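Engineer:
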Amino acid sequence: MTRSIDLTRRGALAAGVSIAFFGGGARAATGDKKLVVFIQRGGADGLSVSPPIGDPNYHSLRGEIAIPDSDVLKLDNDFALHPKLTAIHALAMNGEARIAPAVAIPNNQRSHFEAQDVLESGVTVVYGSTSGWLNRTLGTMAGRKIEGMSIGAQAPLILRGPVQAASWSPGQTARGDRLPMILTDLYHNDALLSRAFASGLETAAMATMAGATMTAAPARAAAAQGGGANVQAKQLGGSIAGFMNQPGGPQIVAVSIDGWDTHANQGATDGALAGRLAYLDAVVDGLQKGLAGEWRNTVCIVATEFGRTAKINGTRGTDHGNASTALVLGGGLKRGGIIGDWPTLASNKLNQGRDLAATLDVRALFKGVLREHLGVETRLLNETVFPDSAAVAPVTGLV
Amino acid sequence: MALPNSDQMAAIAVTRFGLGARPSELELAKSDPKGWLKAQLTRGPADQPPGQLPTSAERFVAYRDAQQARQAAQRAQGGVTAQPKGRPATPMPGQPMATVQAAVSVADATGLQDEFIARAQLAANSAAPFRERWVLFWANHFTVSATKGAARPLVGPFEREVIRPSAFGRFENMAVLSSSHPAMLLYLDQAQSIGPYSMRAAQAERARLRNPNAPKPGLNENLAREIMELHTVGVDGGYTQADVTEFARAMTGWSVGNAMDGDQVGKFVYRAVSHEPGARTIMGKRYPDTGGTQALTVIRDLAAHPATARHIARKVATHFVSDEPSPALVSKLERSFVASRGDLAQLAAALIDADEAWAPAPTKFKTPYDFLISAHRALGVAPLRPGQIVQPLNQMGQQAFSPPSPKGWSEDAATWAAPDALIKRLSWSQGFASQVSGGPREPMKVAMDALGSRLSAPTGAAITSAESREEALTILFMSPEFQRR
């Protein structure tokens, strides 16, 4: 694996590409690396995100919500992607997307809110931390100028904490510069407002530079509108890229996409879940195209709080389960098969007899990306970013 | 703990307990702030929004009819769009006009905008703002959200038919009304849940012998889980996954009437044929099969469980006083809940009586809805058109009637005081200030009337030295003390 990537780089060198980049040996190896974490809120059904087409039990368990073999986008003989994930599939065919088909948070929570808390806080105790692991990652890089940003009007837990992260959503910005000055003054002794407001002003200024799209349409409402939603999703991806391409722009970005809780009528090739996947795919597509050359320095992770039951339920949907699929995307990924093992859908392998079992702690995936892509030290990963996680070895061979 | 002086208490009463002072409200509250709040408690129902709004059954039928009309229009045009069922369409360029009109009327038939503006007008105009905040708290506790297509037309009626009538009655009653209302049954998928050994399931099996593609109905445990986790005992309430499944079995049969149910359409119906036969064991207690009342007994027991008292006490304290409420306050509220057997009027009185609820420092950061309503109240105006309140709420991340999950809207400052959200609040404040700056009162007077003794010297100085009335009002709205309660 390592050998093949070396050959690729030598090939690039031989062709005279990016001599300066590879020649600058003293340059901080990760100074311009970028990370985008997408959180699918509501429990995304991994068995539909990456249908295990080679698993003999997949169709019988799933019935009418199984994605038909004729529609899937094949990765290999064992796994495929959902038909709506066309852009992500194209990346995968180019070695720039991989799936981790059976990851889960460390303790098997069936409540959305507790599971999201564990996913975002990075600790194993529910409500055990008021800061998120991406914020603590920023904290470990105090000496380096790395900025974090969340997309959306609310601040997600994953980026909350001692380091002020920016936030942005499409829409109106303030007029004039007197009021920002007066309010900055007025907030001087107000810890909460002063740092949030300063960050907001900075981002508003950067949005103009970045040409971030100002159309105000909440992702959720847009998503309910069929085709037009994916144009907006693509614009949103492009706007995020616009920020990341700015000098001093965010290198760590968190994006929440909700609407994955498909208890009823989740659909197969089309339907409720397919609509969310099309939306996700369009955001990724807009982001990747907007990043252009920076895509090679970017890794994206798509993760959810839990997967869903292996078997279709009585209302043509699925209930809260355990393991799900995480996606890892990026221009600098190493080629490889699935990340982690496949536990199979055999009835004696299911978690509590009902869910896809986990073979990989989601923290192992996060730690692997942070270590290989952002160069975060193992000790900090084990103690600060994911406390008490020394036993959870980072995934290797990703980047 | 010593109480603040009466000026401070009046300011706390109108901002923390209420919805922000209207022009003369502080004067009314000043002589007896606790008495002013207690006078707003009632033995009867809370206030209803102005105007004649349709019942949930009427909304249900209107929405269904509009959907059918749209489908008919689409068929007439010969085109089948990929519009997901149950979602309001947005006209796309190039769509035939009849289809566009049908799509628009589906969106109208949800009544969401009418419901939301009526509710905002009630909040902006209310002379009993504590009573209204108490309602809003319970509406968020028993969340139904317009993010779910089928529930969308019923979100407004749910608040009017469940929350407002029972907000000052017994908690158990509100829990029962909520769990059996069509909005909740549709929002959390209960309406389609079928007992695996019910007669209905057996019929479906027979149908599948003839046609293997016929639907295979079954159990859905979504509502059962959220009643336990969110509405009653709470996530640490001591139940297991097996309890959730057992409760879901007990609830089978609770559904919503459709066209075949005659005059029960859009109303709660109990379908005996869908009910899972047999006794159930939930949290160690055995419930014999009494049909439709089996789940009713479970809900009553859950409502009376000690863990529920603790869960509710903590949520009330968190909403009204602090993101991290003192254990002393939580325990006072818990004792009131237990002693009164869940009497919500007494719980509200216990909150007013607790000295801890009157800590002078405002620590609660206003939600976007709180912020917009309090700004209107400060000027003594109410929003007239839905867009005036719906659009800014979208921008600030609190879409009308659309909390992101059954947990409802977040309570904490960390969620709402995000950088982008503050810029959106500033942008809205500038626009609103320019609309209302022609009012009769000077900005400093508006600030004094709204905040009383909470108005700080630096904010007062910034208002006084502003270069326009518009700028002065924007400073007031964006001041640290106006952003909190």
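Quick note, the sequences are listed as chains A and B, same order. For what it's worth, the numbering used here labels the leading residue of the first sequence as 21, then goes sequentially. For what it's worth, the numbering used here labels the leading residue of the second sequence as 117, then goes sequentially. Ideal placement from N, C-alpha and C gives every residue a C-beta, glycine not left out. Keep in mind the model is a prediction, meaning the values are calculated, not measured.
Shortest alpha-carbon distance to B:E392 belongs to which of B:G334, B:F593, B:L567, B:T263?
Structural biologist: What you label residue 392 of chain B is simply residue 276 of the second sequence in a count that begins at 1. Looking at the Cα atoms, B:G334 is the closest of the given residues.
Engineer: Mind listing which residues of the segment 525-536 of chain B have their C-beta closer than 8 Å to chain A's C-betas, in chain order?
Structural biologist: Sequence-ordered contacts of the segment 525-536 of chain B with chain A read S526, A529, A530, T531, W532, A533, A534, P535, D536 [C-beta pairs closer than 8 Å].
Engineer: Under the DSSP definition of a beta bridge, which residues are partnered with A:N371?
Structural biologist: Within the first sequence, residue 371 of chain A is the residue found at index 351, counting from 1. According to DSSP, which records beta bridges pairwise, A:N371 is partnered with A:D375.
Engineer: Using DSSP with H/G/I as helix, E/B as strand and the rest coil, what is B:P204?
Structural biologist: Here residue 204 of chain B refers to the residue found at position 88 when the second sequence is read from its first residue. Annotation note: pLDDT 38 at B:P204 (below 50); position unreliable, coordinate value reported separately. The three-state secondary structure of B:P204, taken from DSSP, is coil.
Engineer: Give me the chain A residues within the contact set of B:T575, using Cβ-Cβ distance strictly less than 7 Å, ordered along the chain.
Structural biologist: Along the second sequence, read from residue 1 onward, the residue named residue 575 of chain B stands at position 459. Result: L206.
Engineer: Roughly how many angstroms lie between the CA atoms of A:G62 and A:G196, to the nearest whole one?
Structural biologist: Position 42 of the first sequence, counted from the first residue, corresponds to residue 62 of chain A. Position 176 of the first sequence, counted from the first residue, corresponds to residue 196 of chain A. Cα to Cα, A:G62 sits roughly 40 Å from A:G196.
Engineer: Below 8 Å, how does it come out for the segment 170-185 of chain A and the segment 142-155 of chain A: are there three or more Cβ pairs, yes or no?
Structural biologist: yes
Engineer: Does the beta-carbon distance from A:Q286 to A:I85 come in below 8 Å?
Structural biologist: Along the first sequence, read from residue 1 onward, the residue named residue 286 of chain A stands at position 266. Along the first sequence, read from residue 1 onward, the residue named residue 85 of chain A stands at position 65. It is a contact, given that the beta carbons lie within the stated cut-off.
Engineer: According to DSSP, A:G168 sits in a beta bridge with which residue or residues?
Structural biologist: Residue numbering aside, residue 168 of chain A sits at position 148 when the first sequence is read from its first letter. According to DSSP, which records beta bridges pairwise, A:G168 is partnered with A:I272.
Engineer: Leaving out five residues on either side along the sequence, give the residues of the same chain with a beta carbon under 6 Å from the beta carbon of B:I398.
Structural biologist: Position 282 of the second sequence, counted from the start, is the residue given in the question as residue 398 of chain B. Within the same chain, B:I398 has close Cβ partners D359, E362, F363, V414.
Engineer: Using three-state DSSP, classify A:T144 as helix, strand or coil.
Structural biologist: For this step, residue 144 of chain A is matched to residue 124 along the first sequence. Coil.
Engineer: Please check if any C-beta of chain B sits within less than 8 Å of the C-beta of A:Q174.
Structural biologist: Residue mapping note: residue 174 of chain A aligns to position 154 of the first sequence, counting from 1. Answer yes: the Cβ-Cβ gap between A:Q174 and chain B drops below 8 Å somewhere.
Engineer: By the three-class DSSP mapping on this structure, what secondary structure does B:V260 have?
Structural biologist: Residue mapping note: residue 260 of chain B aligns to position 144 of the second sequence, counting from 1. Looking at B:V260 - three-state DSSP - the assignment turns out to be coil, as it is neither helix nor strand.
Engineer: Taking Cβ to Cβ, would you say A:L311 is nearer than 8 Å to A:N265?
Structural biologist: In the first sequence, counting from the first residue as 1, residue 311 of chain A sits at position 291. In the first sequence, counting from the first residue as 1, residue 265 of chain A sits at position 245. Yes, Cβ-Cβ distance for A:L311 and A:N265 is below 8 Å.
Engineer: Kindly indicate if chain B contains any beta-carbon less than 8 Å away from that of A:E11.
Structural biologist: Here chain A comprises residues numbered 21 to 419, so residue 11 of chain A is not present and cannot be evaluated.
Engineer: With a threshold of 16 other CB atoms inside 10 Å of the CB of B:S140, please say whether the residue is buried or exposed.
Structural biologist: On the second sequence, position 24 is the one that residue 140 of chain B refers to. Per the 10 Å Cβ criterion, exposed.
Engineer: Are A:A292 and A:L179 touching if we call contact CB-CB under 8 Å?
Structural biologist: Position 272 of the first sequence, counting from 1, holds the residue named residue 292 of chain A. Position 159 of the first sequence, counting from 1, holds the residue named residue 179 of chain A. It is not a contact, given that the beta carbons lie outside the stated cut-off.
Engineer: Could you check where the beta strand (DSSP E) with A:I359 kicks off and where it finishes?
Structural biologist: Within the first sequence, residue 359 of chain A is the residue found at index 339, counting from 1. It is not in any beta strand (DSSP E) - A:I359 carries neither H nor E in the DSSP assignment.
Engineer: Within 8 Å (strictly less), CB to CB, does A:M21 reach chain B?
Structural biologist: If you number the first sequence from 1, residue 21 of chain A lands on position 1. Because A:M21 sits at a pLDDT of 29, beneath the cut-off of 50, its placement in the model cannot be relied upon, and the point is left open.
Engineer: What does A:I202 reach in chain B if we use C-beta pairs closer than 7 Å?
Structural biologist: Stepping through the first sequence from its first residue, residue 202 of chain A is reached at position 182. Here the neighbours are A578, I591.
Engineer: Determine contact between the segment 552-571 of chain B and the segment 579-598 of chain B, defined as no fewer than three beta-carbon pairs at a distance below 8 Å.
Structural biologist: yes
Engineer: Check whether the Cβ atoms of B:L509 and A:F217 lie closer than 8 Å to each other.
Structural biologist: The residue given as residue 509 of chain B occupies position 393 in the second sequence. The residue given as residue 217 of chain A occupies position 197 in the first sequence. B:L509 places its beta carbon 8 Å or farther from that of A:F217.
Engineer: If we ignore side chains and look at the alpha-carbon of each, how far apart do B:L542 and A:G159 end up?
Structural biologist: In the second sequence, the residue the question calls residue 542 of chain B occupies position 426. In the first sequence, the residue the question calls residue 159 of chain A occupies position 139. One C-alpha to the other measures close to 29 Å.
Engineer: So B:G513 contacts chain A; which residues on that side make the cut at Cβ distance below 9 Å?
Structural biologist: Within the second sequence, residue 513 of chain B is the residue found at index 397, counting from 1. Simply G172, A173, Q174, S189, P238.
Engineer: To the nearest angstrom, how far is it from the Cα of A:I108 to the Cα of A:F263?
Structural biologist: Reading the first sequence from its first residue, position 88 is the one you call residue 108 of chain A. Reading the first sequence from its first residue, position 243 is the one you call residue 263 of chain A. If you take the alpha carbons of A:I108 and A:F263, they lie about 22 Å apart.
Engineer: Looking only at its own chain, which residues have a Cβ that is under 6 Å from the Cβ of B:R416, when we skip the five neighbours before and after it?
Structural biologist: As a working mapping, residue 416 of chain B is identified with position 300 in the second sequence. Taken in chain order, the residues that qualify are E288.
Engineer: Cα separation between A:N155 and A:Y299?
Structural biologist: For the purposes of this step, residue 155 of chain A is taken as the residue at position 135 of the first sequence. For the purposes of this step, residue 299 of chain A is taken as the residue at position 279 of the first sequence. Going by the C-alpha atoms only, they are around 26 Å apart.
Engineer: For chain A, is any of its Cβ atoms less than 8 Å away from the one on B:K146?
Structural biologist: Counted from its first residue, the second sequence places residue 146 of chain B at position 30. Not one chain A Cβ lies under 8 Å of B:K146.
Engineer: Residues of chain A with CB under 9 Å from B:G334, in chain order?
Structural biologist: As a first step, residue 334 of chain B must be located in the second sequence, where it is residue number 218. Within 9 Å Cβ-Cβ: I332, N333, G334, T335.
Engineer: Using a Cβ-Cβ cut-off of 6 Å (strictly less than) and excluding sequence neighbours within five positions of A:V412, which residues of its own chain qualify?
Structural biologist: Here residue 412 of chain A corresponds to residue number 392 of the first sequence, with the count starting at 1. Here the set comprises D381, R383, A384.
Engineer: Assuming B:T368 and B:S390 make a contact with CB atoms under 8 Å, what is their CB distance in whole Å?
Structural biologist: On the second sequence, residue 368 of chain B is found 252 positions in, with the first residue counted as 1. On the second sequence, residue 390 of chain B is found 274 positions in, with the first residue counted as 1. At roughly 5 Å, the Cβ-Cβ gap stays under 8 Å, so B:T368 and B:S390 are in contact.
Engineer: Tell me, to the nearest whole angstrom, how far the beta carbon of B:A126 is from that of B:A145; I am working on the premise that it is less than 8 Å.
Structural biologist: The residue you call residue 126 of chain B lines up with position 10 of the second sequence. The residue you call residue 145 of chain B lines up with position 29 of the second sequence. That belief holds up - the Cβ atoms of B:A126 and B:A145 are roughly 4 Å apart, short of 8 Å.
Engineer: Just tell me which of B:L592, B:R280, B:V385, B:N329 has its CA closest to the CA of B:S490.
Structural biologist: Taking the first residue of the second sequence as position 1, residue 490 of chain B is located at position 374. Among B:L592, B:R280, B:V385, B:N329, the Cα nearest to that of B:S490 belongs to B:L592.
Engineer: So what does A:H340 bridge to, in DSSP terms?
Structural biologist: On the first sequence, position 320 is the one that residue 340 of chain A refers to. A:H340 is bridged to A:R328.
Engineer: Quick check: the Cα distance between B:G285 and B:F274, rounded to an integer number of angstroms?
Structural biologist: Working through the second sequence from its first residue, we reach residue 285 of chain B at position 169. Working through the second sequence from its first residue, we reach residue 274 of chain B at position 158. Approximately 16 Å between the Cα atoms of the pair.
Engineer: Given that a residue counts as buried once 16 or more other Cβ atoms are within 10 Å of its Cβ, and exposed if not, what is A:T22?
Structural biologist: Mapped onto the first sequence, residue 22 of chain A falls at position 2. Legend: pLDDT at A:T22 = 29, less than 50; position of this residue unreliable, value from coordinates given subsequently. Here A:T22 is exposed. Its C-beta has fewer than 16 other C-beta atoms within 10 Å.
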